[in-house]
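Residue numbers (UniProt numbering): 1 to 764.
Backbone N, C-alpha and C define an ideal beta-carbon position, used for all residues, glycine too.
Bear in mind that the values here come from a model prediction, so they are computed numbers and not experimental data.
Reading through the structure tokens given below for one structure.
In structure tokens:
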């Protein structure tokens, strides 16, 4: 491949030098030297093109290159070297344009094998030696240090291991492996050093198998047929027929040459490449790296999109979903104690707990005398109290669980979440629910794909069915395929490919084979996923999923512009060919006419450089777009308080229930109602100006009215509290209304965040 690129650059340099030298010679009235320079500048291009055509023909392909070869050869044979030199420059220049885009893409990517481990720590007796992974044999003992990638497949031979398999299987939460559990190569040791017994040599391990699948998928992928080549199959026979007719009418081969020169396929040679390379440049401004115009051209024809889940549709790691508390406990206190203790933990989930506490503005305390039991939890002293955080087995010594503990475990199960209990002096006071969650821009990304005409969206993931189905339902996807290993993902891609052009979007090593097999593979490369980036045709450099939809929209616009340029150019060329056939155009005027057509085609194709998503009308600044997020964070804290009240009403006495219901009503009136009215009165009018052509806000206003209606119902319940006996039915009614408000406001706020995200992106 490097040799071919060097050759293409050499040919374009020769063509430029020949054309320039000929023009200078002609300017000094040395026509003989001018013709010689043009011939010398054209002949190497003809030679290189002839070799390329023969190779393509043997591979079953014939396209626009054949017309270029015919026109250049005829120009030299019939004594019109200037026309040949111009065509040579146009042809070789078009190829170089494509190479520039591809080379730029390759400079920004790392090789798939860069991540592959090359050394292993082999244990021989009491000694540890570093050896190449090829020298490792089945049955040998290896030492895998903290933070290292597992070099080969094996089983855990030490007490336990904490393994992050997200890059290989798609499971977002690190897995605790006990003695005898299987570990896949390519996984990350997220815990302490452990011992591994080798079960497969390096060449037969999981990571090596993924590399082989990527190579096989890229080799098996059908060669892409360029847009210009498809139109060339029409232009080539028409050109030959008209050239033959011109010769039969006049008996003069010069007239046939005029037809060939007028038919020089520069609109085909340049229109599509220039439009798509311009689209590549426009994409790059949005953080979308397409590996050449061919990738963008294929992107424009997509019908189906397959998504990986972990790290693609979701954030790809544990995030705090909620804090469940025992009766009378404060969620902030539970999180503060848990996060303070986790500061000293090496567990991969510890960072998520600490980050959640910091995001909420909680002040963490330094733990003392910390002890960590790998795989179960951590304990230590905080302000003189013995605090523990970890698994149920570690903290709960009693056999029977309390109602709130059962409720916390039930909610964790419903949400496919990992649960971390927090205890003080041996008494559990709360639990932290952590799980993977949707990226904030995922809903907008799905909507953009629908707007772009994508008819089918499928999620294919190695994660569990329950977690996958929950995400699929939230996004209204057309299908969800769970528990898929890399080979299953490849088969899913090929199944969809049999029906329609298919895009695969992913970010991990386990996605690389499917990315390579798809018509177009799109990798999220912002987090350094070298395997997927190498296998993909398009890489999203910004950490934004909605760029996938933008890439398709940009590609579709570039394709429309390319088609416009081709149709207009071919139409004008056909008119010039007819004029040449009847003798109205000689070869030189035909060449001039053709050059005018070429300039018009190029200028039109360059329109693809302009933003594809730009719209006339009012806009907002990026700062104003971010301000639209005004007080959602404060609102979320109040919603957490409402959820706590809902839970507390389960076991409340009539007197305490009345106090809780009044507290909920105060929160609703002072926070929720004021927030919704402010949105309706001041925020939505601004949004309507900016988004009136793309978004309907009537449904959002309808949600406001429903929230205010529920707030009025709660106010009526509170008004009746002093005059009525607070029985369990009244408590239940209040509980239902409060829960409905909390649920509806959360959903409504998520929809608002989606719209604000779109506005901020547009402003950016």
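Nearest-angstrom beta carbon gap, residue j and residue i [assumed within contact, 8 Å]
i: residue 432; j: residue 325; result: With a Cβ gap of about 10 Å, residue 432 and residue 325 do not count as contacting.
i: residue 767; j: residue 605; result: Absent from the model: residue 767. The displayed extent of the chain is 1 to 764, so no value can be given.
i: residue 638; j: residue 672; result: 7 Å
i: residue 654; j: residue 737; result: Contact doesn't hold; Cβ gap of about 18 Å is too wide.
i: residue 551; j: residue 288; result: 5 Å
i: residue 189; j: residue 136; result: With 8 Å as the limit, residue 189 and residue 136 do not qualify as a contact, their Cβ atoms being about 16 Å apart.
i: residue 382; j: residue 349; result: Not a contact, Cβ separation roughly 18 Å.
i: residue 484; j: residue 506; result: With 8 Å as the limit, residue 484 and residue 506 do not qualify as a contact, their Cβ atoms being about 11 Å apart.
i: residue 482; j: residue 468; result: 4 Å
i: residue 611; j: residue 282; result: 7 Å
Cut-off 7 Å between Cβ atoms - residues of its own chain near residue i, not counting five sequence neighbours on either side
i: residue 220; result: Low local confidence applies: a pLDDT of 49 at residue 220 is under 50, so the model's placement there is unreliable, with the coordinate-based value given in what follows. Taken in chain order, the list of residues that qualify is empty.
i: residue 749; result: 632, 635
i: residue 83; result: 75, 261, 587, 591
i: residue 409; result: 419
i: residue 769; result: The first residue shown for the chain is 1 and the last is 764, placing residue 769 beyond what the model contains.
i: residue 18; result: 37, 38, 40, 41, 42, 85
i: residue 11; result: 44, 45, 48, 92
i: residue 256; result: 243, 246, 247
i: residue 205; result: 152, 153, 185
Limits of the alpha helix (DSSP H) - the one that residue i falls within
i: residue 121; result: Premise fails: residue 121 lies in the beta strand (DSSP E), 119 to 124, not in any alpha helix (DSSP H).
i: residue 446; result: 442 to 451
i: residue 557; result: 547 to 581
i: residue 641; result: 632 to 648
i: residue 469; result: 465 to 475
i: residue 496; result: 486 to 497
i: residue 667; result: 654 to 667
i: residue 541; result: First-last for residue 541: undefined, no H or E at that position.
i: residue 412; result: 403 to 414
i: residue 161; result: Segment 160 to 164 is the beta strand (DSSP E) holding residue 161; no alpha helix (DSSP H) there.
i: residue 299; result: 293 to 299
i: residue 678; result: 674 to 678
Terminal residues of the beta strand (DSSP E) in which residue i lies
i: residue 149; result: Unbroken run through residue 149: none, as it is neither H nor E.
i: residue 254; result: Where residue 254 is concerned, there is no enclosing beta strand (DSSP E), although the alpha helix (DSSP H) it sits in stretches over 253 to 262.
i: residue 428; result: 427 to 435
i: residue 479; result: 479 to 481
i: residue 176; result: 175 to 178
i: residue 154; result: 154 to 156
i: residue 290; result: 288 to 290
6 Å Cβ shell around residue i - same chain, five flanking residues per side excluded
i: residue 154; result: 183, 196, 197, 198, 199
i: residue 107; result: In this prediction, residue 107 has a pLDDT of 45, which is less than 50 and means its spatial position is unreliable; what the coordinates show is noted afterwards. Result list for residue 107: empty, nothing under 6 Å.
i: residue 556; result: 300
i: residue 693; result: With a pLDDT of only 45 at residue 693, under the threshold of 50, the placement of this residue in the model should not be trusted, and no figure is reported.
i: residue 407; result: none
i: residue 496; result: 304, 502
i: residue 339; result: 353, 354, 357, 364
i: residue 544; result: 441
i: residue 35; result: 81
Residue(s) in a DSSP beta bridge with residue i
i: residue 304; result: 456, 502
i: residue 141; result: 123, 197
i: residue 752; result: Answer by DSSP bridge pairing: none, since residue 752 is not bridged.
i: residue 386; result: 381
i: residue 10; result: Looking at the DSSP assignment, residue 10 forms no beta bridge with any residue, so it has no partner.
i: residue 521; result: 504
i: residue 421; result: 390, 431
i: residue 132; result: 119
i: residue 320; result: 434
i: residue 610; result: Answer is none; residue 610 lacks a bridge partner.
i: residue 314; result: 438
Neighbourhood of residue i by C-beta, 8 Å cutoff - its chain only, sequence neighbours within 5 removed
i: residue 568; result: 267, 600, 601, 604
i: residue 437; result: 314, 315, 319, 321
i: residue 371; result: 378, 379, 380
i: residue 742; result: 639, 642, 643, 646
i: residue 564; result: 604
i: residue 616; result: Any reading at residue 616 must be qualified, since the residue scores a pLDDT of 46, below 50, and its modelled position is unreliable; the value itself is stated next. Taken in chain order, the list of residues that qualify is empty.
i: residue 222; result: Confidence is the limiting factor: at residue 222 the pLDDT is only 46, short of 50, which leaves the residue's position unreliable, though a coordinate-based value still follows. Closer than 8 Å at Cβ, skipping near neighbours: no residue.
Q: Output the residue ranges of the alpha helix (DSSP H) runs that lie fully inside the segment 23 to 62 and measure 4 residues or longer, sorted by chain position.
A: 31 to 58
Q | alpha helix (DSSP H) runs wholly inside the segment 325 to 371, at least 4 long, in chain order | A | 331 to 342, 348 to 359
Q: Counting only runs of 4+ residues fully inside the segment 183 to 207, write out the alpha helix (DSSP H) ranges in chain order.
A: none
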